[in-house]
Amino acid sequence: MIGRLRGTLLEKQPPWLVLDVGGVGYELEASMNTLLALPATGEQAQLFTHLIIREDAHLLFGFGREQERALFRALIKVNGVGPKLALAILSGMEEEQFIRCVMDDDAKALTRLPGVGKKTAERLIIEMRDRFPHWQQGGTALDELTQTAGPASASDPLLDAEAALVALGYKPTEASKMLSGLDKGLSTEALIKAALTRKLAG
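By UniProt numbering, the letter at position 186 of the sequence shown is numbered 186, and the numbering carries on one by one without gaps.
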């Protein structure tokens with residue numbers, strides 16, 4: 001099992017990145033929160049990882065924080081939640097924000113995330129609440145959880161941002177609407193973050 005990688009960041013094409021470790025380029029998929037926190041390409045980066053092996057592919061996921069990986073691992077254990085949906089959840093919310101939604105029974109906030117309907121939101125609340133039995137504001141839940149637990153390149157940041165949102169599960173028309181009116185001079189990562197923030201606020 002690959003648990004952590006440290007190397008040179010070669011590419012960032014949300015939601016994908018390539019990390020050069022000793023001359024080997026590892027392709028990883030990451031949440032938008034992790035991608036936004038990464039340094040510029042050419043610099044050193046470290047990621048906690050989770051490997052999923054399937055008959056047709058080996059899928060490697062990268063996380064900037066061990067707590068984020070722990071929450072990802074907990075999410076994919078929920079019935080009906082796969083890696084793609086788990087990343088979409090982590091991209092749209094910080095870990096503590098998600099825990100707050102679960103503990104406050106805030107299904108409405110969860111349904112603003114792509115791929116999360118009313119039934120899925122209710123299932124997340126029911127199943128995840130049991131994983132945070134001693135949750136407190138400011139929170140120890142993630143610490144407890146940790147203890148127990150190739151896209152084509154494009155030159156336009158707006159197009160890259162739209163493609164990343166579609167990859168997260170938003171429909172093309174919805175992704176376009178989310179990006180409408182945003183400053184076109186922003187970087188791809190900044191556009192994605194602004195679009196997700198707008199979506200959750202709406």
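Backbone N, C-alpha and C define an ideal beta-carbon position, used for all residues, glycine too.
Original post:
Going along the chain, which unbroken runs of the alpha helix (DSSP H) with 4 or more residues stay wholly within the region 36-96?
Top reply: Counting only runs of 4 or more, we get 66-75, 83-92.
Original post:
Between the region 55-71 and the region 86-97, do at least 3 Cβ pairs fall closer than 8 Å?
Top reply: For the pair of segments examined, the region 55-71 was found to touch the region 86-97: the number of CB pairs separated by less than 8 Å reaches three.
Original post:
Starting from residue 208 and walking both ways along the alpha helix (DSSP H), at which residues does that stretch end?
Top reply: Because the chain spans 1 through 202 in this model, residue 208 falls outside it and cannot be assessed.
Subject >> 8 Å contact criterion, which P114 and L182 should meet: CB distance rounded >> reply: The residue labelled residue 114 in the question sits at position 114 within the sequence shown. The residue labelled residue 182 in the question sits at position 182 within the sequence shown. Wrong, their Cβ atoms sit about 18 Å apart, outside the cutoff.
Original post:
Any idea which residues DSSP pairs D20 with across the strands?
Top reply: By 1-based counting over the sequence shown, the position of residue 20 is 20. Its beta-bridge partners are T8, G25.
**OP:** Return the Cβ separation of L200 and L179 in integer angstroms, given the expectation that the two are a contact with Cβ distance under 8 Å.
**Re:** Your numbering for residue 200 matches position 200 in the sequence shown. Your numbering for residue 179 matches position 179 in the sequence shown. Wrong, their Cβ atoms sit about 15 Å apart, outside the cutoff.
Original post:
Are there three or more Cβ pairs, one per stretch, closer than 8 Å when the region 72-86 is compared with the region 33-47?
Top reply: Look at the beta carbons and you see the region 72-86 not touching the region 33-47: under three pairs across the two are nearer than 8 Å.
Original post:
Going by alpha carbons, who is nearest to M103 out of R123, V24, A190, T197?
Top reply: Working through the sequence shown from its first residue, we reach residue 103 at position 103. Measuring from the Cα of M103, the nearest candidate turns out to be R123.
Subject >> Identity of the residues DSSP links to A30 by a beta bridge >> reply: Here residue 30 is taken as the residue at index 30 of the sequence shown, counted from 1. In the DSSP secondary-structure assignment, A30 is bridged to G62.
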